[in-house]
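Please read the structure below before turning to the comments.
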Amino acid sequence: MSLDLRMIDENGYSDHIDNKASHCAKMLNDYYQKYDAQKGTQFVFSDLGTYKPGGDFNIYSEIKRKLVEDYHIPAYEIRFIQECKNEKAKKAMVDAMNRGDIRIIFGSTSMLGTGVNAQQRAVAVHQLDTPWRPSDLEQRNGRAIRKGNLVAKEFANNKVDVIIYAVERSLDSYKFNLLHNKQLFINQLKTNTLGSRTIDEGSMDEDSGMNFSEYVAVLSGNTDLLEKARLDKKITTLESERKNFLRERDAATGKLAEIESSVSFHSDKIKEAKADLACFEQRVERDKEGLPVNKLTIKGVEDSTD
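Note that full-length UniProt numbering gives residue 85 to position 85 of the sequence shown, counting from 1, and the numbers run on in steps of one.
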């Protein structure tokens, strides 16, 4: 259980400074303090260990406990979407998020991932677990990464950070591999390239983040796989550049042939025009000033000129 072993046996396992709950609580506090003046808000997603009233261990309540006890964040600023019993209560919670009265909200993909427009002050999205579908991950991130995010636009270079928590050599690695394969298939369907041997999966850097294949490499604990993912990306980029070069070269070759044909055509026209001019000069009569004299013979009219 990569999320928290206490979900299997609360009494059989103890808290650990290096588990997801501890890391997430620290990151939540970091963003809370960084954007405190703007009342920046954060989304925390997990489909496992969701909040349920009662005394059973759940990851939502555990992280909230750490935030309150270890980082002294007011409990009333941390809420769970599962607390809402109807749409009216849900709307009130969303409005409180947009005002900054609620600073951190926990929820599952089904309850918080769709139909929630609480993006106005969002600064970070925390992914505690990995959903089964790429679209679910997009829906989660879309709660914050969307138009109308005023704080991100004014104070965060119009960006929202997405933090994904994963454990090496765990189910997280398997699920990211599954997401990777699904996304490849979806992209190929969208671009009509099911027979393609290569596909652009994104990039791995500070601006663009990581793609699914690179997550798989990182979570495997095998640095060779990570290097392979980077090299695969580089190869894909180089192949794309090569295709662009060949396409531009072919276009330039076609344009050159068109220009050469045009030059040949107009050269012939120039020769013909020069020949016509020479013939004209041989036949034209000129006056004392050298101007052409256009003698006209009109039938029935006598010429009055000398």
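Glycine included, every Cβ here is placed at the ideal spot set by N, Cα and C. All values reported here derive from a predicted model rather than from experimental measurement.
Taking just the CA atoms, how far does residue j sit from residue i?
i	j	result
Ala-75	Ser-14	23 Å
Glu-206	Ala-37	Here Glu-206 scores only 38 on pLDDT, less than 50, and its place in the model should not be relied on; the value that follows carries that caveat. Approximately 25 Å, taken between the alpha carbons.
Thr-50	Ile-105	12 Å
Asn-98	Glu-154	15 Å
Val-68	Val-123	20 Å
Ser-110	Phe-245	46 Å
Asn-158	Ser-46	25 Å
Ala-89	Asn-117	14 Å
Ser-108	Tyr-60	10 Å
Val-293	Lys-271	26 Å
Lys-274	Lys-255	28 Å
Gly-300	Phe-280	28 Å
Asp-56	Asp-161	31 Å
Asn-29	Val-44	13 Å
Ala-96	Asp-232	45 Å
His-23	Ala-252	55 Å
Lys-234	Val-94	43 Å
Ser-261	Leu-277	25 Å
Tyr-71	Arg-247	58 Å
His-16	Trp-132	27 Å
Ser-267	Gly-290	30 Å
Ala-152	Leu-137	20 Å
Lys-228	Thr-237	14 Å
Thr-130	Tyr-35	26 Å
Asp-287	Phe-265	37 Å
What is the DSSP secondary structure of residue i, counted as helix, strand or coil?
i	result
Gln-120	coil
Glu-285	strand
Asp-36	coil
Gly-107	strand
Thr-253	helix
Val-160	coil
Arg-133	coil
His-23	helix
Thr-237	helix
His-72	coil
Ile-78	strand
Phe-57	coil
His-16	coil
Val-151	helix
Val-263	helix
Val-44	strand
Given a cut-off of 7 Å on the beta-carbon distance, is the pair residue i and residue j in contact?
i	j	result
Asn-141	Val-125	yes
Ile-81	Leu-112	yes
Ile-78	Lys-66	no
Thr-41	Arg-143	no
Gly-148	Gln-119	yes
Arg-121	Lys-52	no
Give the C-beta separation of residue i and residue j to the nearest angstrom, bearing in mind that I take them to be a contact with Cβ-Cβ under 8 Å.
i	j	result
Leu-150	Lys-20	Going by Cβ atoms, the distance from Leu-150 to Lys-20 rounds to 30 Å, so no, they are not a contact pair.
Tyr-32	Ile-73	6 Å
Could you tell me which of the options sits nearest to residue i, measuring between CA atoms?
i	options	result
Ser-135	Arg-121, Gly-148 and Thr-114	Thr-114
Leu-48	Lys-39, Tyr-35 and Glu-62	Glu-62
Ile-163	Arg-6, Lys-26, Lys-147 and Ala-251	Lys-26
Arg-6	Asn-58, Tyr-32, Tyr-165 and Ile-17	Asn-58
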